[in-house]
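J.: Numbering (the numbering used here), first residue to last: 1 to 43.
A virtual CB, placed ideally from N, CA and C, is assigned to each residue, including glycine.
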Amino acid sequence: MRDHGHLVTTSRNLPTRQVMVSGSKGRRTYYCIRAKSVEEATC
């Protein structure tokens with residue numbers, strides 16, 4: 001997915017981001033997929 005540009009990467013080119021999500025304890029690491037990639041997969 002990363003090689004095809006589907007993942008949002010950080011400034012250090014990492015495929016994961018630390019995000020605070022309401023209801024979870026602390027910051028967790030997530031893979032962020034571009035919305036356009038999801039839209040193309042569902043069509």
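Is Val8 helix, strand or coil by DSSP?
T.: Here Val8 sits in coil by DSSP.
J.: Name the two residues that bound the continuous beta strand (DSSP E) containing Val19.
T.: Thr16 to Met20 is the extent of the beta strand (DSSP E) around Val19.
J.: Between the Cα of Thr57 and those of Ser22, Leu7, Gly23 and Ser37, spot the shortest distance and give me the residue it belongs to.
T.: Given that the chain is displayed from residue 1 to residue 43, the structure contains no residue 57 and the question cannot be resolved.
J.: Express the C-alpha separation of Ser24 and Asp3 in angstroms, rounding to a whole number.
T.: Going from the Cα of Asp3 to the Cα of Ser24 covers about 30 Å.
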